[in-house]
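The structure appears below as C-alpha cells.
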C-alpha cells in the first residue's frame, strides 16, 4: 500500500464541475457552483475570479475519486470561501493506516485549505461562513478566527490596520451567507 501522502492530491481549477459536481450534490443537495457572472451573490462574480480546489484519493494505480471540494471567489482584496465538502463515506473506507495518516494531517478539508493557502495568499484575508462545530474546529486549525458577526469567520494573510479590518468585515458581512 502506498503512503497516504502519495495517495491524496489536491488541484486548483477554474471550473471543477467535471470532477466535483456529484460530490457537491451529495453533500448539499444543491447544484454545483459553476463559475459565472450571475451566481446568486449580490456582488460581481466574473468567472476569472473563481478558484475551485478538488482533493482526489488514489485507491490503486487505476482508480481514483474526488473526495473533497472547496470554492473561493476573489472579491476585491479578499477571497470568499464556501462549499467545502468531503465525501461522506470516504473516511470509513480508508484502511486504518491511511485513516491514521489522514487524521494526523487534519483531514481532507484541512488538506484542501492548506494547499489553497499556498496559492491564494495574494489578498488581505479569506472570509467564510461557518455554523457547524466540527467544520469550525478545522477552520481554526488553519488560522480562521471569529468576527463580531454571527458565523462570519476570517483568516488574515496580511493583517490591515483596525479601520481597514473593520471595513473588510463590514463589506463581506453585507453580502450575507
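In the working numbering, the protein residues as written are 22 to 198.
Ideal placement from N, C-alpha and C gives every residue a C-beta, glycine not left out.
What you are looking at is a predicted structure, and each value in this text was computed from that prediction instead of being measured.
Notebook entry, point to check: Who are residue 87's beta bridge partners in DSSP?
Noted result: 77
- Beta-carbon proximity list for residue 185, same chain, < 8 Å, skipping 5 on both sides: 145
What number of angstroms, rounded off, separates the C-alpha of residue 27 from the C-alpha of residue 67? 34 Å
Looking only at C-alpha atoms, which of 74, 123, 97 and 155 sits nearest to residue 143? 97
Just curious, the alpha helix (DSSP H) that residue 189 is in, first and last residue?
183-194
Output needed for residue 167: all residues of its chain with C-beta closer than 7 Å, excluding positions within five of it in sequence on either side, in chain order. 174
Per DSSP, residue 120 forms a beta bridge with which residues? Its beta-bridge partners do not exist; DSSP assigns none.
When the Cβ atoms of the region 82-90 are set against those of the region 107-118, are three or more pairs found closer than 8 Å?
yes
Quick one: give me the first and last residue of the alpha helix (DSSP H) that residue 140 is part of.
-> 129-140
inquiry  = Can you give me the C-alpha to C-alpha distance between residue 84 and residue 23, rounded to a whole angstrom?
reply    = 13 Å
Buried or exposed: residue 101, going by 16 or more other Cβ atoms within 10 Å of its Cβ? buried
Practice task
Go through its chain and collect everything with a Cβ distance to residue 157's Cβ below 7 Å, but skip five positions before and after it.
Solution key: 151
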